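**Q** In my numbering, the protein residues as written are 949 to 1449.
1. With DSSP collapsed to three states, give me the class of residue 1324.
2. Taking 8 Å as the threshold, find out whether the region 1290–1304 comes into contact with the region 1326–1334 through three or more Cβ pairs.
3. Which same chain residues, not among the five before or five after residue 1006, have their C-beta less than 7 Å away from its C-beta?
4. If you drop the 5 nearest sequence neighbours on each side, which residues of the same chain put their C-beta closer than 6 Å to that of residue 1211?
5. Could you pull the start and end residues of the alpha helix (DSSP H) that residue 1125 belongs to?
6. Using alpha carbons as the reference points, say which of 1263, 1243, 1274 and 1216 lies closest to residue 1371.
7. Applying the 10 Å Cβ sphere with the 16-neighbour rule, what's the burial state of residue 1317?
8. For residue 1392 versus residue 1114, is the C-beta distance shorter than 8 Å?
9. Grouping DSSP H, G and I as helix and E and B as strand, with all else coil, what is residue 958?
10. Please identify the residue among 1433, 1204, 1439 and 1426 whose C-alpha is closest to the C-alpha of residue 1090.
11. Using 8 Å for Cβ pairs, my map puts residue 1254 next to residue 1284. What's the rounded Cβ distance?
12. Tell me whether residue 1044 is buried or exposed, calling it buried when 16 or more other Cβ atoms sit within 10 Å of its Cβ.
13. Please state whether the Cβ-Cβ distance between residue 1071 and residue 1140 is less than 8 Å.
14. Among 1398, 1067 and 1016, which one has its Cα closest to the Cα of residue 1105?
15. According to the neighbour-count rule (16 or more other Cβ atoms, all chains shown, within 10 Å of its Cβ), is residue 1221 buried or exposed?
16. Check this for me: beta carbons of residue 1353 and residue 1329, under 8 Å apart or not?
17. Pick from 1315, 1415 and 1422: whose alpha carbon is nearest that of residue 1356?
18. Which of helix, strand or coil does DSSP assign to residue 949?
19. Could you tell me the alpha carbon to alpha carbon distance between residue 1396 and residue 1419, rounded to whole angstroms?
20. Less than 8 Å between the C-beta atoms of residue 1053 and residue 1101, yes or no?
21. Taking Cβ positions, are residue 1019 and residue 1074 nearer each other than 8 Å?
22. Assign residue 1063 to one of three DSSP states: helix, strand, or coil.
23. Cα-Cα, which of 969, 1098 and 982 is closest to residue 1428?
24. I'd like the list of long-range same chain contacts for residue 1340, defined as Cβ closer than 7 Å, with 5 residues on each side in sequence excluded.
25. Which residues in the same chain have their Cβ closer than 6 Å to the Cβ of residue 1382, if we skip the five residues on either side of it in sequence?
26. On the DSSP letters alone, give me the boundaries of the alpha helix (DSSP H) that residue 1244 sits inside.
27. Which of helix, strand or coil does DSSP assign to residue 1287?
28. Kindly list the residues whose CB is nearer than 6 Å to the CB of residue 1282, restricted to its own chain and excluding five residues on each side of it in sequence; keep chain order.
29. Pull up the distance between the alpha-carbon of residue 1083 and that of residue 1347, whole angstroms please.
30. Do the region 1018–1035 and the region 1144–1152 touch if we need at least three Cβ pairs shorter than 8 Å?
31. Does the Cβ-Cβ distance between residue 1234 and residue 1193 come in under 8 Å?
32. Between residue 1437 and residue 1142, is the Cβ-Cβ spacing less than 8 Å?
33. How many Å lie between residue 1276 and residue 1204 at the Cα?
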């Protein structure tokens, strides 16, 4: 590199790099000191649960039965190490770890933080459901019930590090999740007939894992290719700053800077989702998205991507967690065939609402419609016009330029200006995240309808968190599309069976 360069230039380059390195280190040290002002770490931020599944365990724990047995020991350890040590104080009254608190899922009739199975009397297919980062199997509970009512065996898998304590995702890695997914796939497939369909349904980070498994199955003949993917807010791309998340390790190993391992430390009042967020969690999702992009590009070059299963994706145009454009350009633009569909939920475009928004995201939508032909079906759920809260579906079929408009009989609720990343898989009637004021005796307090009002700076909880929409007012449309997809796939499988029989 230095050959041919004058010594003075080489010297200046080295000096510049040294100064740059110094600035970077100074920035991280200042950041680490700032992290010390965050709230104190609690038991659930520091305890290590030794019974958690790891990728290295996959040879000995290779069945769902063994996975569940380990999970039982994990939750016994959680009760012993964390819940038993959490005092029933006013500060912990709503904590999910308060043994007497209303939000402790261990007290509920069904513990949705654990892996679960829904088994219909007549199994027409099977589905593996993968929840999102910091979430639990509860997040796809409603989707699981829809699939089960339509004859699908459902396995809602708890991914390693989730459903217990935030410290769990401070040590989990992508390889742990991938290994767990393979256990779940094998079990779900074993519950159905050979000719009946198998779906993977994923939300956020779980959707990224669904994509990763599907890509792996194209390269590894030992893995079964799913018949279809259904994705919600898939993690195909996230903020580039996540690539820096791992840098904290240069400092955070020092006990004085232990809080620097965390992006945020918050009260844990949500029974099914962590509020605190360790930097490792963002790093692992970043690693997953990088692996997905590299694998897609590699398979595209080798003409293997044509075998990718049909995928139906639901995504909000505005999403502060994952990059919508990455879903379009990084996944859908690379897929072959016309069997794929992307459903986008637009912002509320009523004139009186748009005046308050930083961006109308019109460029993204215009670019989507501007392409002369796209190899996938594109559906935009949007206002009928700027003067109406009524919702329509604007649909353009694959390899077509025509746009068809369908009335949905749905409207934007008053005061809601967009969906959010965390809203999509939850119905308006959800007992925890839905739009009703009262709590549910089997699920604790309702978090979806909180409307705190008062002076700024008073709350222990981020106002941004409380303002974020937690349910999808257009869930009935999604339910209709999911049921339609299931019935079509069952019909196709039945026709193949009759033809071969």
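Just so you know, even glycine gets a beta-carbon here, dropped at the ideal spot from N, CA and C.
These figures come from a predicted structure and were not determined experimentally.
**A** This is what the structure holds:
1. Reduced to three states, the DSSP call for residue 1324 is coil.
2. They touch, by the three-pair rule.
3. Closer than 7 Å at the Cβ level, and outside the excluded window around residue 1006, lie 1127.
4. In chain order, 1225 and 1227 place their CB closer than 6 Å to the CB of residue 1211, counting only its own chain and leaving out the 5 sequence neighbours on each side.
5. Going by DSSP, residue 1125 is part of the alpha helix (DSSP H) stretching over 1122–1138.
6. Of the listed residues, the one whose Cα sits closest to residue 1371 is 1263.
7. Exposed is the call here.
8. Judged by beta-carbon spacing, residue 1114 lies beyond the 8 Å limit of residue 1392, meaning their Cβ atoms are not closer than that value.
9. It is helical.
10. If we check each option's Cα against that of residue 1090, 1426 comes out closest.
11. Yes, they are in contact, since the Cβ atoms of residue 1254 and residue 1284 sit about 4 Å apart, within 8 Å.
12. A residue is called buried when at least 16 other Cβ atoms come within 10 angstroms of its Cβ; residue 1044 meets this threshold and is buried.
13. For residue 1071 and residue 1140, yes; Cβs fall inside 8 Å.
14. For residue 1105, the nearest C-alpha among the options comes from 1016.
15. Buried.
16. For residue 1353 and residue 1329, no; Cβs fall outside 8 Å.
17. For the residues 1315, 1415 and 1422, the minimum Cα distance to residue 1356 belongs to 1422.
18. Low confidence applies to residue 949: its pLDDT is 45, below 50, so where it sits in the model is not reliable, and the reading given next is rough at best. Note: residue 949 maps to coil in three-state DSSP.
19. Computed Cα separation, rounded: 7 Å.
20. No, Cβ-Cβ distance for residue 1053 and residue 1101 is not below 8 Å.
21. Going by C-beta atoms, residue 1019 is not nearer than 8 Å to residue 1074.
22. If DSSP states are grouped into helix, strand and coil, residue 1063 belongs with coil.
23. Out of 969, 1098 and 982, 1098 has the C-alpha closest to the C-alpha of residue 1428.
24. Excluding its 5 nearest sequence neighbours in each direction, residue 1340 has C-beta neighbours in its own chain below 7 Å: 1330, 1332, 1353, 1354, 1355 and 1356, listed in chain order.
25. The beta carbon of residue 1382 sits closer than 6 Å to those of 1376, 1396 and 1419, all from its chain and outside the five residues before and after it, given in chain order.
26. It spans 1227–1249 - the alpha helix (DSSP H) in which residue 1244 sits, taken as one unbroken run.
27. Here residue 1287 sits in coil by DSSP.
28. Only 1244 and 1248 meet the Cβ criterion.
29. Distance from the CA of residue 1083 to the CA of residue 1347, rounded to the nearest whole angstrom, comes to 37 Å.
30. With the cut-off at 8 Å, the region 1018–1035 and the region 1144–1152 do not touch.
31. Judged by their CB atoms, residue 1234 and residue 1193 are nearer to each other than the 8 Å cut-off.
32. For residue 1437 and residue 1142, no; Cβs fall outside 8 Å.
33. One Cα belongs to residue 1276, the other to residue 1204, and the distance between them is close to 43 Å.
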